[in-house]
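This report concerns only the one structure given below.
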RNA sequence: UGGGGUGUAGCUCAAUGGCAGAGCGCUCGACUGUUAAUCGAGUGGUUGGAGGUUCGACUCCUCCCGCCCCAGCCA
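Numbering (the numbering used here), first residue to last: 17 to 449.
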């Protein structure tokens, strides 16, 4: 009778009743004739109390065999108890072991090193901090869909296996029948542009892959990205949407995942700044600002991570850095009519040194200009034939952006390293578990 | 790939070039209200690997390996 069990989170609706609870042991304590089992079931944590004189011998003996992560079934009375975190405990009438757990379970309730925890990621995910992060992640994913659904955007799925097309960074490759080499997608954007010409406003939400040999707390080789693409949006419309989007995501988590943020010891006052208008800083002014704070970055160079930190620390809220030099950015960004040395783009820098969480731009819609840029970048023009067609057959003003899900979660949750905010992180040198 | 750091018990960490230790875990025992329970006893080592210096190396030197942090690349 699997479905007759009550989730721990729902026990408050069963006060005084005899219920069945199933879960995993996190702690056991004993005081001779009274024994305590703390168990979790994913929805919450429960203390169950066994009194030797009041339970069957089989249950009392079963208690003695409990180890961390033994799976168990408990039958007992739900009792209000002010000493318990959830306000309730279980007065046990019967305890049954479902699955034993050897005594060498590795993840103890104490400090562990990162490498050890990553090796044991499948177990690490059972701890309160990790479950809190996963719940925030799920909330954010749902919020993404709700935000765009409310605005009549169509969610579109773009291919993971592609021919060489997209960004410039490293590609993972695999053999693809008679077609030669296929590459794991680094972005769905170019397909998104084709879909925007079909549906108007669309967004993609999926995994992307980058074979960059980067080992920083901001990088994964496999990460999830939300990439909206909007017909008839210019770069200002684009930034307005991004600002509303990020504001919505943050407020949604604050409203619905307060408990999880508390577990994560997040200082949520640091997130209040999203209520104010985001700063929009011209690239040239951003360079000047960084220089004034000691950076030796020069006009024409991409901003480094330390430069971004200086800029955001100065403003203490999200900052759009707009209109980067053409050389620092991808071929598909639209030339800035006001200054052809630059392109109509923006990176959104998150506060607290989190760096870039969005990269976006108005797309170049002039056939000749984008063809020239492809050639200058020495990209295989033939592979971009269908993409160029979008400019050839009814070109249109359009813009879009990509939001990195993991960087956004890490910022909102205040998690130092991005590897903690995805269930099974893929990084250089880590493919297991 | 470059710069910096680190590697000792299952885990987290100590140990002037001079007997390899502690806490946690685990095992056994005590305890009728514990909250990472407490108390008592016990258990635990190829000091990342290979060379070298030395009477003597966890400690110093060389090379290799793993991991961490920072940078570049980006989201």
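By construction, the Cβ of each residue, glycine as well, lies at the ideal position given by its N, Cα and C atoms.
Legend entry - Terminal residues of the alpha helix (DSSP H) in which residue 331 lies: 321–331
Legend entry - Sub-8 angstroms separation of residue 198 and residue 220 beta-carbons: no
Legend entry - Best match in 411, 80, 250 and 327 for proximity to residue 44 [C-alpha to C-alpha]: 80
Inset, instruction - Please classify residue 440: does DSSP put it in a helix, a strand, or coil? - result: coil
Legend entry - Close-in-space but distant-in-sequence residues of the same chain around residue 263 (CB under 8 angstroms, 5 per side omitted): 290 and 291
Inset, instruction - Please classify residue 374: does DSSP put it in a helix, a strand, or coil? - result: strand
Inset, instruction - Just grab the DSSP bridge partners of residue 225 for me. - result: Residue pairing from DSSP places residue 225 in a beta bridge opposite 238.
Legend entry - Close beta carbons around residue 340, own chain, < 6 angstroms, minus the five adjacent residues each side: 299 and 361
Inset, instruction - Between the Cα of residue 301 and those of 319, 34 and 39, spot the shortest distance and give me the residue it belongs to. - result: Ranked by how close their Cα comes to the Cα of residue 301, the residues 319, 34 and 39 have 319 in first place.
Inset, instruction - Flag this pair as yes or no: are the beta carbons of residue 447 and residue 242 separated by less than 8 angstroms? - result: no
Inset, instruction - Within its chain, find whatever has a CB closer than 7 angstroms to the CB of residue 117; leave out the 5 residues flanking it on each side and keep chain order. - result: 83, 84, 85 and 86
Legend entry - Identified DSSP bridge partners for residue 336: 296 and 364
Inset, instruction - For residue 158, count neighbouring C-beta atoms within 10 Å of its own C-beta (all shown protein chains included) and say buried if the count is 16 or more, exposed if not. - result: exposed
Inset, instruction - Can you grab the Cα-Cα spacing for the pair residue 349 / residue 36, in whole Å? - result: 59 angstroms
Inset, instruction - Starting from residue 262, follow the alpha helix (DSSP H) in both directions and report where the run begins and ends. - result: Per DSSP, residue 262 belongs to the alpha helix (DSSP H) from 251–272.
Inset, instruction - Work out the CA separation of residue 206 and residue 154 for me, nearest whole Å. - result: 27 angstroms
Inset, instruction - Evaluate contact between the region 207–216 and the region 234–251, counting only Cβ atoms and requiring at least three cross-stretch pairs below 8 angstroms. - result: Counting Cβ pairs under 8 angstroms, three or more are found: they touch.
Legend entry - Endpoints, alpha helix (DSSP H) assigned at residue 401: 401–408
Inset, instruction - May I have the straight-line CA-CA distance separating residue 29 from residue 50, to the nearest angstrom? - result: 26 angstroms
Legend entry - Test item: CB-CB of residue 91 and residue 34 under 8 angstroms: yes
Inset, instruction - Would you identify the three-state DSSP class for residue 39, choosing helix, strand or coil? - result: strand
Legend entry - Residues of its chain near residue 279, where Cβ-Cβ distance is below 6 angstroms and the 5 sequence neighbours each way are ignored: Excluding sequence neighbours, residue 279 sits near 144 and 148.
Legend entry - C-alpha gap between residue 187 and residue 412, whole angstroms: In this model, residue 187 and residue 412 are separated by some 30 angstroms (Cα to Cα).
Legend entry - Integer Cβ distance of residue 335 from residue 397, believed to fall under 8 angstroms: Contact doesn't hold; Cβ gap of about 36 angstroms is too wide.
Inset, instruction - Kindly identify the DSSP beta-bridge partner or partners of residue 34. - result: According to DSSP, residue 34 bridges with 93.
Legend entry - Reduced DSSP secondary structure (H/G/I, E/B, other) of residue 7: Nothing in the structure corresponds to residue 7, since the chain is present only between 17 and 449.
Legend entry - For residue 119, the first and last residue of its enclosing alpha helix (DSSP H): No alpha helix (DSSP H) holds residue 119; DSSP gives it neither H nor E.
Legend entry - Alpha carbon of residue 424 to alpha carbon of residue 42, nearest angstrom: 31 angstroms
Legend entry - Cβ-based neighbour list, residue 174, same chain, cut-off 6 angstroms, excluding 5 preceding and 5 following: 204, 207 and 220
Legend entry - For residue 228 and residue 431, the rounded distance between their alpha carbons: 22 angstroms
Inset, instruction - Inspect the beta-carbon positions of residue 40 and residue 23 and report whether they are closer than 8 angstroms. - result: no
Inset, instruction - Please check the pair residue 469 and residue 233, which I expect to be a contact at CB under 8 angstroms, by giving their CB distance rounded to whole angstroms. - result: Here the chain covers residues 17 to 449 and nothing more, so residue 469 does not appear.
Inset, instruction - Out of 151, 240 and 70, point me to the one whose CA is closest to residue 58's CA. - result: 151
Inset, instruction - Measure how close the beta-carbons of residue 427 and residue 373 come, nearest whole angstrom, since I'm counting them as under 8 angstroms. - result: 6 angstroms
Inset, instruction - Between the Cα of residue 436 and those of 267, 135 and 26, spot the shortest distance and give me the residue it belongs to. - result: 135
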